[in-house]
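Remarks on the structure that follows.
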Ligand SMILES: [Zn+2]
């Protein structure tokens with residue numbers, strides 16, 4: 006399987022992934038959404054919206070989207086497959102659970118009490134990766150992990166430990182959720198100390214933090230960091246895009262373009278009753294869509310002195326490397342030659 010990654014349409018050569026958004030959600034629902042039975046999912050409408058999103062991304066040259074929706078937040082690979090079939094977009098989906106504060110922790114906490122949670126989780130990850138989700142045959146291409154603000158709970162730690170083991174055994178890549186950009190260095194250290202390959206780890210939502218030194222503490226673990234919430238500004242602890250751009254230009258200037266990835270963390274279809282945003286919030290998230298990076302962020306980066314090659318590194322080469330494509334070999338040889346790492 007080397008040189009390929011699982012997508013909703015089966016294994017695809019990593020070298021054909023092209024321009025990639027590493028963290029979006031075609032559909033997302035907070036755990037509990039199924040309890041509001043007045044708003045069941047309208048599958049036709051969800052597919053219509055998904056196709057619109059895929060087409061918009063494709064207009065900007067995007068070839069691949071990683072859907073980061075966890076198992077306990079309405080993940081639905083069958084819907085994603087239909088969107089991929091009808092648009093030609095590569096869609097890679099996740100296996101994993103959301104962080105304790107916003108996920109559905111009751112199930113695995115109960116199993117932790119019985120002492121069987123880790124074994125069950127390992128079995129679940131391996132079964133989905135090797136055989137597919139349920140009887141769909143659809144296999145996830147990444148493991149999704151998450152932690153809350155300023156702490157990693159025992160519940161969350163268990164998922165990291167088991168994911169590191171599965172990463173080692175299967176080679177699958179890992180993407181994470183950090184809350185307000187906190188616990189990035191700790192997430193990276195935990196995974197690496199449990200044996201996961203840092204070249205296969207993206208510490209997500211680090212653009213929630215504008216402290217360059219904090220980013221450096223994460224980057225020095227050899228992992229990627231995600232500036233993956235562009236457009237989601239001014240709430241859930243998110244800074245404004247212009248402040249994130251400043252941090253990003255700083256990190257690129259320090260030579261880290263080969264360890265950064267970008268996305269928006271968009272939710273394009275909310276499961277349950279769609280949120281009614283207060284007016285102020287509506288204004289703040291006007292640019293929270295899959296075109297924002299291409300329409301607003303890249304031009305601002307270019308104006309700040311970031312080169313076209315560096316943008317290509319972030320949007321094309323780094324996603325290729327995290328999935329083990331030919332860029333990862335080039336990077337390794339270059340590092341060997343220059344004595345780095
Ligand atoms: Zn997300």
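In the working numbering, the protein residues as written are 6 to 346.
Note that beta-carbon positions come from the ideal geometry of N, C-alpha and C, so glycine has one too.
Same chain only: Cβ atoms within 7 Å of residue i, ignoring 5 sequence neighbours per side
i	result
residue 79	32, 33, 34, 38, 276
residue 131	171
residue 272	30, 33
residue 305	250
residue 315	257, 262
residue 18	8, 9
residue 105	153, 158, 160, 161
residue 56	88, 91, 92
Contact set for residue i: own chain, Cβ-Cβ below 6 Å, skip 5 residues either direction
i	result
residue 299	65
residue 44	277, 278
residue 89	13, 14, 96
residue 332	322, 325, 326
residue 199	166, 169
residue 20	330, 331
residue 155	187
residue 138	82
residue 133	100, 145
residue 195	165
residue 320	24
residue 185	154, 213, 242
Close-in-space but distant-in-sequence residues of the same chain around residue i (CB under 8 Å, 5 per side omitted)
i	result
residue 258	310
residue 36	77, 78, 103, 107, 108, 109
residue 63	92, 93, 94
residue 41	277, 278
Whole runs of the alpha helix (DSSP H) within the region 243-284, excluding any shorter than 4 residues: 246-258
Any heavy atom of ligand 1 within less than 5 Å of residue CB: hits in chain order: 73, 270
Touch test, the region 170-189 against the region 126-136, Cβ-Cβ under 8 Å, three pairs minimum: yes
The region 281-297 in contact with the region 199-207 per 3-pair CB rule at 8 Å: no
Every unbroken beta strand (DSSP E) within the region 122-194, with a cutoff of 3 residues, ordered by chain: 147-151, 178-182
Cβ pair count under 8 Å reaching 3, the region 249-265 against the region 12-25: no
Any 3 or more C-beta pairs closer than 8 Å across the region 234-254 and the region 209-222: yes
Within the region 302-343, ranges of the alpha helix (DSSP H) (whole runs, at least 4 residues): 303-308, 313-317, 323-327, 331-343
The region 217-231 / the region 188-195 touching (three or more Cβ pairs under 8 Å): yes
Given 8 Å, three or more beta-carbon pairs between the region 95-111 and the region 134-148: yes
Residue ranges of each beta strand (DSSP E) within the region 54-96, 3 or longer: 67-72
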